[in-house]
Amino acid sequence: MDNLKRSIKRSGVLQPLTVRELEDGKYELIAGERRLRAAQAIGLESVPVYVLSVDADVEMMEYALVENVQRVDLNPIEEAEAYAMLSGKFDLSHDEIAKRVGKNRSTIANSLRLLKLPPEIKSALRTGKISAGHARAILSIRKSLQMMTLYQKIIREGLNVRQTEALSKKYADNAHDKSRVKKIPGRNPEIVQFENALISLLGTKVVIQ
Numbered sequence: 002m003d004n005l006k007r008s009i010k011r012s013g014v015l016q017p018l019t020v021r022e023l024e025d026g027k028y029e030l031i032a033g034e035r036r037l038r039a040a041q042a043i044g045l046e047s048v049p050v051y052v053l054s055v056d057a058d059v060e061m062m063e064y065a066l067v068e069n070v071q072r073v074d075l076n077p078i079e080e081a082e083a084y085a086m087l088s089g090k091f092d093l094s095h096d097e098i099a100k101r102v103g104k105n106r107s108t109i110a111n112s113l114r115l116l117k118l119p120p121e122i123k124s125a126l127r128t129g130k131i132s133a134g135h136a137r138a139i140l141s142i143r144k145s146l147q148m149m150t151l152y153q154k155i156i157r158e159g160l161n162v163r164q165t166e167a168l169s170k171k172y173a174d175n176a177h178d179k180s181r182v183k184k185i186p187g188r189n190p191e192i193v194q195f196e197n198a199l200i201s202l203l204g205t206k207v208v209i210q
């Protein structure tokens, strides 16, 4: 907020606020609350606004959400949550969201995937302990337990994104190798399970007679 106040004091409100006119002649703010508060804090008596013809409260909420997503200071989880609300509450497709916020469809889809992360990892992404690049690498692993193992290693060893991507690929390759171990008909399931555990541990083919 301090940076915004300094910017407005130096250059004024460059991006107009968005409002709608009410029946009593007053105006209701749709988007730009931070700019308004910053302008008030430095004593500005007037600010530029766009007046939109928005009749329904649902439309107003959509305008506010789109404007919120276009802010540059959102963390990746806040941005993903806003996309999720546009998708769920207003039944917008990824293509429609992309057009409204001026981004590629793949950007929207990749952002929404971040919401599939375990809560602890989402919290770390929200607070900046890890980056969106780290998070996307973690998401290439399907199992939550392995996600957490990789996340803890990132924090413990201070891994960069490239190192994280290499490790996530290794985890994914190991999981693929395990899935290729087929159960032989008529064999004891416990023996097969034990064989699979040994294969995972030793990294080589194991057959118990």
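If you're matching positions, the sequence shown starts at 2 in the numbering used here and goes up one per residue. Ideal placement from N, C-alpha and C gives every residue a C-beta, glycine not left out. Every value quoted in this text rests on a predicted model; they were computed, and no experiment measured them.
What first and last residue would you give for the beta strand (DSSP E) that runs through Ile-31?
-> 28-32
Coarse secondary structure for Arg-21, derived from DSSP in three states = strand
Since Leu-140 is in the alpha helix (DSSP H), which residue starts that stretch and which ends it?
-> 133-140
Is the segment 136-152 touching the segment 114-128, taking contact as three or more C-beta pairs under 8 Å?
-> yes
From the DSSP output, which residues share a beta bridge with Leu-126?
-> According to DSSP, Leu-126 bridges with nothing at all.
Contact belief for His-95 with Ala-110 at Cβ below 8 Å, rounded distance in angstroms = 6 Å
Take Tyr-36 and list the residues in its own chain whose beta-carbon comes closer than 8 Å to its own, dropping the five residues that flank it on each side.
-> Inspection of the sequence shows that residue 36 is occupied by Arg rather than by Tyr. For Arg-36, where only same-chain residues beyond five positions count, the Cβ hits under 8 Å are Leu-5, Ile-9, Val-14, Gln-16, Leu-18, Val-48.
Val-70, buried or exposed, once every other Cβ within 10 Å from all chains shown has been counted against 16 = buried
Between the C-alpha atoms of Leu-30 and Val-67, what's the straight-line distance to the nearest angstrom?
-> 14 Å
With distances taken between CB atoms, is the gap from Leu-53 to Arg-21 smaller than 8 Å?
-> yes
How should Leu-93 be labelled, buried or exposed, when 16 other C-beta atoms within 10 angstroms of its C-beta is the threshold for buried?
-> buried
State the start and end residues of the unbroken alpha helix (DSSP H) segment that holds Val-102.
-> 95-102
Assign Met-148 to buried or exposed, taking buried as 16 or more other Cβ atoms, counted over all protein chains shown, within 10 Å of its Cβ.
-> buried
How is Leu-75 classed by DSSP in three states: helix, strand or coil?
-> coil
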